[in-house]
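Scroll down for the structure; my scribbles are underneath it.
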Amino acid sequence: MTTTSTLAPEETEPERAVEDPLASWGARAGAFAIDVLLGWAVLATLALVALAAPVRSSLWWSYTVTAAVVVLLMAVNRLVLPTITGFSLGRAVLGIAVRRRGGSAPGVWRLLLRDIAHLLDTAALFVGWLWPLWERRNRTFADLLARTEVHSVPRPQRQVRKIAAAALVAATVVCAAAIALSYTVVYRHERAVENTRAQIAEDGPRIVEEMLSYRQESLQEDFSRAQSLTTDGYRPQLEAQQKVVQETGGVTNEYWAVSSAVLAAAPDTAEMLLAMQGQRGNKTEELKFITATVRVEFEKSGDGQWRVANLTVLKKPQMNVQGQ
């Protein structure tokens, strides 16, 4: 007599003689927090502070490299360690392990597929993460897709709790250090920019007035003072202009700023727009009134003094003879 039996699809795979109990939702959530949320907290912190850092700066690159290291460590913990030891760090602490339906350990690619499939758990308004609360085998959508289950197993003999505590401390230190470094560097940068704006707003017009003004009776002294207000790069251009003035007799020229605005500011550079008025002539009856608009670039020298690095005339001087 021959007996034929039909096995259900789930029973065709070999099963363990004594199956470990299924892991509870709380244990899985705790392991996920250690394995994933801890790393994501570090990445989120690094991303936020990196946004405040100047792009492509040394600080920005240090945050980027640190984030890459964190991602690598998370991948090793989630994908490589389980294939070697049977556990990720979080699962070892909670005493759970990912298994294939037949009870065997999953490989790296199946674990990678499972982690990618967790996007479905999130995309479904997080319903997939809660699915184990009522699914008979306590599986998420990712488990259903990757054909995996999570079981409660004996914890490894290693002192995994101390390792997890060390990881928590390290993550906290990285976050605190990133925030402190960002605050220090960015705050100092912002304060330096604010100081630049305040200094240029106050001293910029005076520097330009002194550089452009000179009197016939003190021509050489005024020219020397003007040269001391410029950078080494701009000084030859100013000297050439002064030479032309000397060749024409050196008519008294006085300027004053009537309005100004700081266009740009950095810790060591600035740019300002000025509307100038002035008068030219050696005798009262020959005075000509002048108006001009200029854009001036400033640089801070090694002694902390602001110097004119470039001056561009946007509106050429217009002169009106007194009495007309």
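Note that the numbering used here has the sequence shown beginning at 89, numbered continuously upward. Note that beta-carbon positions come from the ideal geometry of N, C-alpha and C, so glycine has one too.
### Task
Compare the Cα-Cα distances from residue 350 to each of 174, 362 and 340 and report the closest residue.
362
### Query
alpha helix (DSSP H) containing residue 283: first to last residue?
248-300
### Task
Would you grab the beta carbon distance between residue 141 and residue 151 for me? Rounded to a whole angstrom, and I think it's under 8 Å.
7 Å
### Query
According to DSSP, which residues form a beta bridge with residue 327?
Its beta-bridge partners do not exist; DSSP assigns none.
### Query
Do three or more CB pairs link the region 123-138 to the region 246-262 at distances below 8 Å?
yes
### Task
Under 8 Å by Cβ, that's how I've got residue 119 and residue 187 pegged, so tell me the actual separation to the nearest angstrom.
About 14 Å; that fails the 8 Å criterion.
### Query
Are the CB atoms of residue 469 and residue 134 nearer to each other than 7 Å?
Since the first residue shown for the chain is 89 and the last is 412, residue 469 is missing from the structure and cannot be characterised.
### Query
Are the beta-carbon atoms of residue 108 and residue 241 separated by less than 7 Å?
yes
### Query
In angstroms, rounded to a whole number, what distance separates the CA positions of residue 365 and residue 352?
23 Å
### Task
Count the other C-beta atoms from every protein chain shown that fall within 10 angstroms of the C-beta of residue 284, then say buried if there are 16 or more, exposed otherwise.
buried
### Task
Measuring alpha carbon to alpha carbon, tell me which of 388, 311 and 266 ends up nearest residue 299.
311
### Query
Taking just the CA atoms, how far does residue 360 sit from residue 416?
A question about residue 416 goes unanswered here, because the residues of the chain that appear run from 89 up to 412.
### Task
Return the chain-ordered list of same chain residues with a C-beta closer than 7 Å to the C-beta of residue 266, the five sequence neighbours on each side being excluded.
133, 134, 137 and 151
### Message
Is it buried or exposed, residue 139, if we count other Cβ atoms within 10 angstroms and call 16 or more buried?
### Response
exposed
### Query
residue 329: which of 287, 302, 243 and 355 sits nearest, CA to CA?
302
### Candidates 159, 344 and 371: closest to residue 259 by CA position
159
### Query
Can you tell me the Cα-Cα spacing of residue 304 and residue 314, whole angstroms?
14 Å
### Query
What are the complete alpha helix (DSSP H) segments, minimum 4 residues, inside the region 179-238?
196-211, 215-218 and 229-234
### Query
Taking Cβ to Cβ, would you say residue 196 is nearer than 7 Å to residue 167?
yes
### Query
How many whole angstroms separate the CB atoms of residue 111 and residue 239, which I take to be in contact at a CB cut-off of 8 Å?
6 Å
### Candidates 189, 230 and 280: closest to residue 207 by CA position
230
### Query
Measuring from the CB of residue 355, is there a heavy atom of the ligand ADP at a distance below 6 Å?
As far as ligands go, the structure on display features none, and thus does not contain the ligand ADP.
### Query
If we ignore side chains and look at the alpha-carbon of each, how far apart do residue 215 and residue 185 end up?
22 Å
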